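What follows is a set of notes on a single structure, which appears directly below.
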Amino acid sequence: MNKPILEINNLEIDYGIVKAVKGINMVVPEGSIVAILGANGAGKTSTIRSISGMTKVKSGEIIYKGERIENLPPYKIVQKGILQSPEGRLILTGLTVEENLLVGAYTIKGIERDGRKISRKERINELLAETYSYFPILSERRRQQASTLSGGEQQMLAIGRALMGAPELLLLDEPSLGLAPLVIRDIFKIISKIKEDGRTILIVEQNAKQTLKIADYAYVLEIGKVKSEGKAEDLLNNQDLISAYLGESQK
């Protein structure tokens with residue numbers, strides 16, 4: 093197993109009197125896809141939002157590349173290389189497709205590579221080309237208003253916008269939500285390709301079967317606790333677990 097890029101230790105999240113997350117532990121190895129699965133209200137989104145700084149942590153540790161990051165402001169977490177494609181996509185409807193993507197590149201700076209300086213503009217153009225290679229339909233629609241895209245295309249745009257920040261850890265929150273089965277299959281193929289190209293992905297999903305097919309490891313949450321965990325292929329073959337905690341609809 094590769095070394096961890098992210099470790100979560102005894103994480104607790106409260107919303108007033110409601111305990112959303114109750115002392116969970118997780119590890120995300122570099123170069124892997126790790127899934128957080130479970131029904132509505134299990135604590136999945138609270139967990140991923142705490143990593144991106146959008147939800148406050150009551151106690152516990154979130155360690156990224158050896159550094160504690162819990163309760164840092166979201167912009168500082170983005171600067172460290174953690175970017176999230178949020179649940180609900182949050183597309184900027186007054187902008188074109190390409191303008192939405194460029195918003196995701198606001199933290200990008202020039203770099204030095206192989207003894208040559210790469211300007212910020214060059215770097216952004218590289219990231220645009222990479223994003224369009226994953227999502228050719230976005231390239232075709234680059235000048236189109238983002239609000240006119242289909243649901244599946246908007247989901248691709250949300251993931252592409254996160255990729256424009258050159259993430260080392262990509263957080264995906266419910267990427268299949270509200271999409272048709274064929275579109276879901278296409279998006280999960282692209283997520284696999286992103287991982288194959290060297291990115292680490294933490295994905296929150298209700299669609300357990302599709303997620304376990306592409307994940308390396310998974311945690312199943314139930315009412316804020318880790319109810320089960322293991323290699324994705326092992327969990328995929330555990331029909332009792334899927335029926336009991338992930339819903340009959342996943343069969």
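Residue numbers are given in the numbering used here: position 115 of the sequence shown equals residue 207, and the series is strictly consecutive.
Backbone N, C-alpha and C fix where the C-beta goes; we use that ideal spot for every residue, glycine too.
From a predicted model like this one, the values you see are computed outputs, not experimental measurements.
| query | result |
| --- | --- |
| Which whole-angstrom value describes the C-beta separation of L129 and T303, a residue pair presumed to lie in contact below a C-beta threshold of 8 Å? | 6 Å |
| Pick helix, strand or coil for Q171, following the three-state DSSP scheme. | helix |
| Under 8 Å: do the stretch 264 to 282 and the stretch 105 to 121 share three or more Cβ pairs, one atom per stretch? | no |
| If we count the other Cβ atoms within 10 Å of its Cβ and call it buried at 16 or more, is S124 buried or exposed? | buried |
| Since E222 is in the alpha helix (DSSP H), which residue starts that stretch and which ends it? | R212 to Y226 |
| Compute the Euclidean distance between the alpha carbons of L193 and S144, then round it to the nearest angstrom. | 19 Å |
| Grab me the residues of I229's own chain with a C-beta within less than 8 Å of its C-beta, minus the 5 sequence neighbours each way, in chain order. | E245 and M248 |
| Could you check which residue in E297, K213, T137 and M256 has the C-alpha nearest to that of T223? | M256 |
| Helix, strand or coil: which one does DSSP assign to G243? | helix |
| With DSSP run on the structure shown, which of helix, strand or coil describes D308? | coil |
| Given I216, which residues of its chain have a CB within under 6 Å of its CB, disregarding the five upstream and five downstream residues? | A197 and I200 |
| Could you tell me if T137 is buried or exposed, where buried requires 16 or more neighbouring beta carbons within 10 angstroms of its beta carbon? | buried |
| Whole angstroms are fine: how far does the CA of D265 sit from the CA of N132? | 13 Å |
| Classify G207 as buried or exposed, calling it buried when 16 or more other Cβ atoms lie within 10 Å of its own Cβ. | exposed |
| Measure how close the beta-carbons of I174 and Y226 come, nearest whole angstrom, since I'm counting them as under 8 Å. | Actually they do not touch by this definition, with Cβ atoms about 19 Å apart. |
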